[in-house]
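Mapped onto my numbering, the consecutive letters of the sequence shown carry residue numbers 907 to 1518. Beta carbons are placed, not taken as given, at the ideal position from N, Cα and C, and that holds for glycine. No experiment lies behind these values; they were computed from the predicted model shown.
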Amino acid sequence: MESKPTLGLFDEFPPISTQQWEDKIKEDLKGADYQRLIWKTTDGLQLKPYYREEDLENLPQLKSGTDLETIVRNIRESNDWEICQIITEKDPIEANRKAIMALNKGAEGLEFCGTSICNFEDLQALLKGIDISATPLHFNQLENPSQFIQWLKLAAPDGIKGSLKFDPLGFFALYNKWCSTFEAGMQSTADLVNKTKELTSFRVIEVNGYPYNNSGATLVQELAFVLSQGHEYLYRLSQLGLSADAITTKMNFTFGIGSDYFLEIARLRAARLLWAKIVEQYHPEQMQRTTMHIHALTSLGNKTIFDPYVNMLRTTTEAMAAALGGANRITVSPFDASFKKSDEFSERIARNLQHILKHEAYFHKVADVPGGSYYIENLTTEIAEATWALFGAMEEKGGFVSCVENGFIQQTLEIAAQRRMSDVAQRKQVFVGVNQYPNLDEAMLEKLQPTADTTTLSNLKPIRATQQLEALRLSVENHKKKGFKAPEVFLLAYGNPTMRKARADFATNFFGVAGYTMINNQGFANALDGVPAALQSGAPIVVFCSSDEEYNQVAQAIELIKKSAPHTIIVLAGYPKEMVEQLSKDGVQFFIHLRANLYDALSRFNEMLGIV
């Protein structure tokens, strides 16, 4: 008996052309500008509101059966990655204790950062009780890498998995100086490659994009800088006689992962695409072995001091993006890393976040889940093209070292950082708990501890996007700590119930960003009715909250307030353009609205109230 052919799910629906979709969209827009649907990223990419199968035509990573397709899609048996935890204890014995505890609680790999290893005995103490054959180990900030390798071979005669983060080019970018000379740095790198030939699962060249990420770099900028730095190693070491295979199989690439979910997924795919394009020019014997090995580390640049538990949600998004993007190793920073030394609780949450992705969401089961997605495949290509253009511009300027020497990288990062903080100040980029929906009852000043990330580097300047606004709020907390009264804001809400509530809520959010105390009420019939309560409150700031049409009532109310309390700062919620000039004459000193710069306005209020 012959089986009937099964119909596809959509076979009964007639095909719809792109033009039909476009016509329908324009009809639904009812004359509104179609460009409003185009999303413009911080890198200038213009992303369409929808993509179709035809948009996949001619994308390089989709040419079936090629090395490029396999590399970009990171095709392997599964999508498994290493759950890594950073250990920052300086003492080897204490670092070992913490490492054992982390492994017992689910860490799969360890990175020792700054642990003092002065002799072979220190290394033995550090590795005591750790199954070296099963646990990838990564070592950062070592004083003598060459000597360390000798000790490591003695400690692990059967081999070891992991890496040594040796990055003289990165050191130069950070500090604008060499440990000795450029030539010596490259020779030391070549020596490490040669000394670890038999350690086939141990990498020794670090290409670290994390400092660029935390200094304000956009997605494309970080990737371009990393590729330029990686290419500098590839070119210089090949000049010293090493093959492309020998070099690339010893390289590890670290990226900071931010909260642009789909863009981050696509960026890791674009990174593999472009690195393969670069390596191909050096004619490796086995192209597959040269695939970019990626360590994804959740960014600190977008983490907040205030409402820190929200950072857990941010790192969840970032870890998901890293996993779906095909990272080989993922480190999730604890949610409190931006303001204190992390404790057992925050480290456990960071580890368990990845365990949920693996053991509850099964992200590790299927390789390249985004492959074939119209949107992500096109994002991959868009990011790759923009990055390649910036990479090419850097090559024309002489390459990575020249771009550090002439200040190109530093200037690019400074511009990006300023733009990012400006976007936060104007709420173009929302950070819940800081510039939107702040917790008015929260106090963080007493919880702050010095962290390693507060160190100012001479060449690159680490920033957090919210640091300016948080500094304002901390200054208010410090003002209260000195015994002064908390700055108060009286909300004189009147008239139209809907508009007065909306604008009172807006004002609460606005001043709450700086931690001011809000004095709310049920509202008044008109502006004059609210004057006695405003004066009785003694608040140094009074905010009128109503509809534009009812703001013509404020003149007499302001006059009465100023007569009894001449130093009161008069603020109006909203910006009725046609009335601004007259309202200013009536005594309104500030207008707070959606386009107002939070940082500039709140800095001015702090200054007027004597808060420094």
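Inter-residue Cα distance where the pair is residue i and residue j
i: Ile1262; j: Leu1434; result: 57 Å
i: Gly1076; j: Trp987; result: 25 Å
i: Ala1177; j: Lys1004; result: 34 Å
i: Phe936; j: Ile922; result: The residue asked about is misnamed: residue 936 is Lys in this sequence, not Phe. So the alpha carbons of these two residues sit roughly 21 Å apart.
i: Val1547; j: Asp939; result: Only positions 907 to 1518 of the chain appear in this structure, which leaves residue 1547 out of reach.
i: Ala1358; j: Leu1206; result: Legend: pLDDT at Ala1358 = 49, less than 50; position of this residue unreliable, no value from coordinates given.
i: Leu1032; j: Leu1016; result: 12 Å
i: Thr1360; j: Leu1354; result: Low confidence applies here, because Thr1360 scores a pLDDT of 42, under 50, leaving its location unreliable; read the following figure in that light. Distance between the alpha carbons of Thr1360 and Leu1354: 12 Å.
i: Tyr1422; j: Ile989; result: 41 Å
i: Asn1002; j: Asp1028; result: 10 Å
i: Glu1465; j: Asp1347; result: 33 Å
i: Gly1389; j: Ser1381; result: 13 Å
i: Ile1236; j: Arg1220; result: 15 Å
i: Glu1394; j: Met1424; result: 6 Å
i: Ile931; j: Ile944; result: 13 Å
i: Trp1084; j: Ala1229; result: 35 Å
i: Leu1105; j: Phe1054; result: 14 Å
i: Gly1012; j: Asn1158; result: 23 Å
i: His1385; j: Lys1391; result: 8 Å
i: Ile1153; j: Glu1186; result: 13 Å
i: Glu960; j: Leu1398; result: 57 Å
i: Val1275; j: Phe1168; result: 12 Å
i: Lys1034; j: Glu1000; result: 11 Å
i: Ile1111; j: Lys1247; result: 28 Å
i: Leu1143; j: Asn1114; result: 17 Å
i: Tyr1188; j: Tyr1141; result: 9 Å
Which listed residue (the options) has its alpha carbon closest to that of residue i
i: Pro998; options: Gly1015, Ala1079 and Thr1021; result: Thr1021
i: Lys1071; options: Gln1093, Ala1061 and Leu1043; result: Leu1043
i: Met1483; options: Thr1474, Ile1498 and Ile1476; result: This sequence places Lys at residue 1483; Met is not what is there. Per the Cα distances, Ile1498.
i: Gln1030; options: Leu1203, Thr1197, Gln1056 and Glu1014; result: Gln1056
i: Tyr1400; options: Arg1409, Phe1430 and Asp1411; result: Phe1430
i: Asp973; options: Ile1066, Arg1173 and Glu1191; result: Glu1191
i: Ala1172; options: Gln1355, Gly1277, Ala1377 and Met1198; result: Gly1277
i: Met1007; options: Tyr1457, Tyr1141 and Arg1257; result: Arg1257
i: Tyr957; options: Arg942, Trp927, Tyr1343 and Gln1053; result: Trp927
i: Tyr1457; options: Ser1244, Asn1432 and Glu1253; result: Asn1432
i: Leu1129; options: Leu1143, Phe1306 and Ser1107; result: Phe1306
i: Leu1508; options: Thr994, Asn1341, Phe1251 and Ile1369; result: Asn1341
i: Ala1150; options: Gln1194, Leu1058, Gln1488 and Ser1244; result: Gln1194
i: Ser1470; options: Leu1489, Ala1439 and Leu1009; result: Ala1439
Residue i and residue j closer than 8 Å at C-beta
i: Thr1200; j: Asn1234; result: It is worth fixing the name first, because residue 1200 is Ile in this sequence and not Thr. Going by C-beta atoms, Ile1200 is nearer than 8 Å to Asn1234.
i: Ser1086; j: Lys1271; result: no
i: Phe1297; j: Leu1478; result: no
i: Ala1062; j: Ile1038; result: yes
i: Ile1475; j: Gln1495; result: yes
i: Asp1411; j: Val1126; result: no
i: Met1350; j: Phe1212; result: yes
i: Ile1369; j: Ala1413; result: no
i: Thr1204; j: Ile1163; result: yes
i: Arg901; j: Ser1452; result: Since the displayed the chain opens at 907 and closes at 1518, residue 901 lies outside it and no answer follows.
i: Ser1107; j: Lys1067; result: yes
i: Ala1227; j: Val1238; result: no
i: Asn1503; j: Ala1371; result: no
Environment of residue i [buried if 16+ CB atoms lie within 10 Å]
i: Asn1025; result: exposed
i: Arg1379; result: buried
i: Ala1040; result: exposed
i: Gly1231; result: buried
i: His1137; result: buried
i: Asn1120; result: buried
i: Glu1170; result: buried
i: Ile1321; result: exposed
i: Pro1344; result: buried
i: Leu1060; result: exposed
i: Thr1155; result: buried
Per DSSP, the bridge partner or partners of residue i
i: Ser1244; result: Answer by DSSP bridge pairing: none, since Ser1244 is not bridged.
i: His1201; result: Thr1160 and Arg1235
i: Arg1109; result: Ser1069
i: Thr1423; result: Glu1394
i: His1044; result: Glu1017 and Ser1069
i: Phe1497; result: Leu1478
i: Gln925; result: Gln925 is not bridged to any residue.
i: Ala1399; result: Cys1451
i: Trp945; result: Leu953
i: Ile993; result: Phe1018
i: Val1338; result: Gln1342
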